[in-house]
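Right, one structure below, let's go through it.
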Amino acid sequence: MKIIEKESIAQNLTKFVVNAPLIARKTLPGQFIVLMVREEGERIPLTVVDADKKRGCITIIFQEVGYTTKLMGRLNEGDSLYSLVGPLGKPTPIKNYGKVILLGGGVGIAELLPVANALKAAGCNVTSILGGRTAELVILKDQVKRYSDEFYITTDDGSLGEKGIVTDILNRLLKKSHDYGLVFCVGPVSMMKAVADATRQAKIKTIVCLNPIMIDGTGMCGGCRVTVAGEMKFACVDGPDFNGHEVDFNELISRQKRFVQYEKHSMCKLDAQIKDMKAEGGR
Ligand SMILES: Cc1cc2nc3c(=O)[nH]c(=O)nc-3n(C[C@H](O)[C@H](O)[C@H](O)COP(=O)(O)OP(=O)(O)OC[C@H]3O[C@@H](n4cnc5c(N)ncnc54)[C@H](O)[C@@H]3O)c2cc1C
Ligand code: FES
568 MKIIEKESIA QNLTKFVVNA PLIARKTLPG QFIVLMVREE GERIPLTVVD ADKKRGCITI
628 IFQEVGYTTK LMGRLNEGDS LYSLVGPLGK PTPIKNYGKV ILLGGGVGIA ELLPVANALK
688 AAGCNVTSIL GGRTAELVIL KDQVKRYSDE FYITTDDGSL GEKGIVTDIL NRLLKKSHDY
748 GLVFCVGPVS MMKAVADATR QAKIKTIVCL NPIMIDGTGM CGGCRVTVAG EMKFACVDGP
808 DFNGHEVDFN ELISRQKRFV QYEKHSMCKL DAQIKDMKAE GGR
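Going by my numbering, the first residue of the sequence shown is number 568, and it counts up by one from there.
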């Protein structure tokens, strides 16, 4: 699983193109892989942003938020990942929904890109709304814009696009018209919850792409349990896309916090290791 290209696309945000011909051949929009950086490491899920069947490679974009993603950020072109499993999850249902609104927040924009491409190709009229805390965290603007008939950006600090959050624009659009066949949202859980709340009253079909803690990614460990329409679902095999109006977001938010102590502990360990390596002159 050799890394054949590495690009830094924003602060703490890196793109890898990885050699994975079998996965590239099978992947559909909305699917993800589970990878291990090294043999004794943990397994983490990442969306397949692009799959190039001809070159036999896939593109992943990751934000360095903790131990494993920081470790990945230290790899370079020519290095290899220990393992890659996929494609996993159900593909996003793609068809001509008429007018659609796509919302992406932070690194969720990477996950939105293949869906925007596929919905546009299926004949949808696409309105995209991208949001981030500051200008540099609104990634892949030109790429998403390419598939959009209408395009908006919001930033919390007003450094790019409109000052505010993505639901400000969504609410404005919904005031003018409810004539949308689909709203699709991927980003922080709080954003997906706010979007689902906004579209519930308007009765617009809303898909959210959930990111609960996943471990095996194949439905066996139970780690990614979410409650949808009162039923227990596993996001890795039943999702990651779900009807946003049926997701129990409060439960999801509390389950996301389960490993915070352990995550802090491993980050401290990694920071100490990096410091030691730098002191010894390594990378
Ligand atoms: C289906 C799916 C697709 C995803 N796609 C992307 C993507 O394209 N790009 C991207 O940057 N991130 C994506 N993520 C999130 C990514 O998996 C986590 O950021 C990563 O696992 C963090 O690991 P860490 O060890 O660096 O951080 P940690 O310090 O372990 O965790 C930091 C935070 O990351 C989340 N996280 C940690 N481990 C997992 C895990 N095994 N499963 C899910 N979330 C976890 C938790 O919210 C946690 O609080 C996706 C998650 C899911 C479930
Ligand atoms: S990640 Fe183990 S059941 Fe979904």
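Backbone N, C-alpha and C fix where the C-beta goes; we use that ideal spot for every residue, glycine too.
Keep in mind that this is a model prediction, so the values were computed, not measured.
Determine the burial state of D724: buried for a count of at least 16 other Cβ atoms within 10 Å of its Cβ, exposed for fewer. For the purposes of this step, residue 724 is taken as the residue at position 157 of the sequence shown. Under this definition D724 is an exposed residue.
Taking 7 Å as the cut-off, is the beta-carbon of R759 closer than that to any non-hydrogen atom of ligand 1? Position 192 of the sequence shown, counted from the first residue, corresponds to residue 759. The identity of residue 759 in the sequence shown is Met, whereas the question assumes Arg. M759: no, Cβ never under 7 Å from ligand 1.
Closer than 7 Å between the C-beta and any heavy atom of ligand 2: which residues qualify, listed along the chain? M781, I782, D783, G784, T785, G786, M787, C788, G789, G790, C791, F801, A802, C803, V804
Selection from F816, M781, A765 that minimises the alpha carbon distance to A796: In the sequence shown, counting from the first residue as 1, residue 796 sits at position 229. Comparing Cα-Cα distances from A796 to each of F816, M781, A765, the minimum goes to F816.
Consider the C-beta atom of N778 and the heavy atoms of ligand 1; say whether any pair is separated by less than 7 Å. For the purposes of this step, residue 778 is taken as residue 211 along the sequence shown, with counting starting at 1. The answer is yes for N778.
Residue burial classification, A808 (beta-carbon count within 10 angstroms, cutoff 16): In the sequence shown, residue 808 corresponds to position 241, counting from 1. First, the residue type needs correcting, since residue 808 is Asp and not Ala in the sequence shown. With 16 or more other Cβ atoms within 10 Å, it is buried.
Short Cβ contact (8 Å threshold) for M781 with P596: To locate residue 781, count along the sequence shown from 1; it is residue 214. To locate residue 596, count along the sequence shown from 1; it is residue 29. No, the pair does not count as a contact, with Cβ atoms beyond the cut-off.
In three-state DSSP terms, what is F826? Within the sequence shown, residue 826 is the residue found at index 259, counting from 1. F826 falls in the coil class under three-state DSSP.
I'd like to know whether the C-beta atoms of L851 and A765 end up nearer to each other than 8 Å. The shown model of the chain, from 568 to 850, leaves out residue 851, and the question about it has no answer.
Excluding sequence positions up to five away, which residues of its chain have a Cβ less than 6 Å from the Cβ of T694? In the sequence shown, the residue the question calls residue 694 occupies position 127. Once the five neighbours on either side are set aside, the close Cβ partners of T694 are I668, E717.
On the three-state DSSP scale, how would you describe M781? In the sequence shown, counting from the first residue as 1, residue 781 sits at position 214. If DSSP states are grouped into helix, strand and coil, M781 belongs with coil.
Beta carbon of N610 nearer than 8 Å to that of D783: Here residue 610 refers to the residue found at position 43 when the sequence shown is read from its first residue. Here residue 783 refers to the residue found at position 216 when the sequence shown is read from its first residue. As written in the sequence, residue 610 is Arg, which differs from the Asn given in the question. Taking 8 Å as the Cβ cut-off, R610 and D783 qualify as a contacting pair.
Cβ-heavy atom distance between M834 and ligand 1 below 7 Å? Mapped onto the sequence shown, residue 834 falls at position 267. Yes, the Cβ of M834 comes within 7 Å of a heavy atom of ligand 1.
From the DSSP output, read off the bridge partner residues of Q630. If you number the sequence shown from 1, residue 630 lands on position 63. Q630 is bridged to L580.
K637 to K573 span [Cα, whole Å]: The residue labelled residue 637 in the question sits at position 70 within the sequence shown. The residue labelled residue 573 in the question sits at position 6 within the sequence shown. Rounded to whole angstroms, K637 to K573 spans 14 Å at the Cα level.
Could you give the first and the last residue of the continuous alpha helix (DSSP H) run that contains R739? What you label residue 739 is simply residue 172 of the sequence shown in a count that begins at 1. Where R739 is concerned, the enclosing alpha helix (DSSP H) stretches over 733-743.
Between V750 and F826, what straight-line distance do the alpha-carbon atoms span, to the nearest angstrom? One-based indexing of the sequence shown puts residue 750 at position 183. One-based indexing of the sequence shown puts residue 826 at position 259. Approximately 31 Å between the Cα atoms of the pair.
Under the rule that 16 or more other beta-carbon atoms within 10 Å means buried, what is T635, buried or exposed? Taking the sequence shown and counting its residues from 1, one reaches residue 635 at position 68. T635 is buried by the Cβ-count criterion.
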